[in-house]
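In the working numbering, the protein residues as written are 14 to 184.
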C-alpha cells in the first residue's frame with residue numbers, strides 16, 4: 014500500500030495500522046480458501062476443484078479431484094501461515110496498531126477477496142468447476158451468488174476495519 018503525505022494509505026488506513034491490515038488480508042485469503050474447500054468440497058460435496066474438467070463420479074476421476082482439492086488446501090495453508098507470520102511481526106513491532114475490529118475487518122476483507130478472485134478465475138475464466146452444478150436453478154445463479162457473497166463480505170469487512178478509529182486517520 015502506498016501513502017500520501019498524511020501517512021494515509023490509498024485504502025484510508027493509518028500507516029501504523031497497515032501491517033496488521035495486511036496480515037488480516039492474507040490470513041483471510043487463507044481462511045476463505047479453507048472454508049471453501051472444507052465446506053463446499055468435503056462436507057457438502059457439491060463440487061471439487063476440477064470437477065468440470067474431470068468427472069468425479071468414478072473412482073479414477075474422484076482420485077484426481079481429491080488430489081486437486083489437496084493441492085488447493087496446500088495453497089490455503091501457505092496463505093494462512095503467511096498471515097499468521099505477518100500478524101506476529103505486526104504484534105512485535107512497537108509502532109504498529111493492532112486492534113480487534115481492524116483485524117476482524119481485514120480478515121473478512123481477505124475472505125471476500127478470496128471468493129471474488131476464486132469465483133472469477135476458477136468458475137468463469139478457467140472453467141474448473143461450478144459452485145453447485147446439480148443444485149436447483151441454473152449453475153450460473155450459484156456462481157453469481159458466490160461472487161455476490163464475496164463482494165458483501167469484502168465490503169462489510171472494509172466497513173468494520175474502517176470503523177476502528179485506531180486505523181483511520183483523523184479528519
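In this text, a Cβ means the ideal position worked out from N, Cα and C, and glycines have one as well.
For residue i, which three-state DSSP category applies?
| i | result |
| --- | --- |
| residue 114 | helix |
| residue 27 | strand |
| residue 100 | helix |
| residue 55 | helix |
| residue 107 | coil |
| residue 86 | helix |
| residue 32 | helix |
| residue 119 | helix |
| residue 147 | coil |
| residue 133 | helix |
| residue 140 | coil |
Along the alpha helix (DSSP H) that carries residue i, what are the first and last residues, could you check?
| i | result |
| --- | --- |
| residue 152 | 152-175 |
| residue 71 | Note, residue 71: premise wrong, no alpha helix (DSSP H); not H, not E. |
Find the nearest neighbour of residue i within the set the options, judged by alpha-carbon distance.
| i | options | result |
| --- | --- | --- |
| residue 51 | 169, 149, 24 and 86 | 86 |
| residue 58 | 42, 45 and 79 | 79 |
| residue 27 | 73, 108 and 62 | 108 |
| residue 156 | 49, 36, 31 and 44 | 49 |
| residue 83 | 46, 101 and 175 | 46 |
| residue 101 | 154, 37 and 88 | 37 |
| residue 44 | 90, 31, 73 and 131 | 90 |
What does a CB cutoff of less than 8 Å around residue i pick up in its chain, not counting 5 residues either side in sequence?
| i | result |
| --- | --- |
| residue 41 | 96, 119, 120, 121, 122, 123, 124, 125, 126, 127 and 170 |
| residue 129 | 160, 163, 164 and 167 |
| residue 39 | 92, 95, 96, 99 and 123 |
| residue 60 | 53, 54, 142, 143, 144, 145 and 146 |
| residue 63 | 77, 78, 81, 141 and 142 |
| residue 133 | 160 |
| residue 175 | 25, 26, 118 and 181 |
I'd like the list of long-range same chain contacts for residue i, defined as Cβ closer than 7 Å, with 5 residues on each side in sequence excluded.
| i | result |
| --- | --- |
| residue 111 | 33, 103 and 104 |
| residue 173 | 114, 117, 118 and 121 |
| residue 6 | The requested residue 6 does not occur in the structure, where the chain is confined to residues 14 to 184. |
| residue 18 | Confidence at residue 18 is low in this model, with a pLDDT of 48, below 50, so its placement is unreliable and the value that follows should be read with caution. No residues qualify anywhere along the chain. |
| residue 71 | none |
| residue 66 | 141 |
| residue 139 | none |
To which residues of the same chain is residue i closer than 6 Å at the C-beta, ignoring the five residues directly before and after it?
| i | result |
| --- | --- |
| residue 75 | 69 |
| residue 177 | 112, 114 and 115 |
| residue 151 | none |
Taking 6 Å as the cut-off, does the CB of residue i come closer than this to any heavy atom belonging to the ligand ZN?
| i | result |
| --- | --- |
| residue 34 | In the structure shown, the ligand ZN is absent, as is every other ligand, since no ligand is present at all. |
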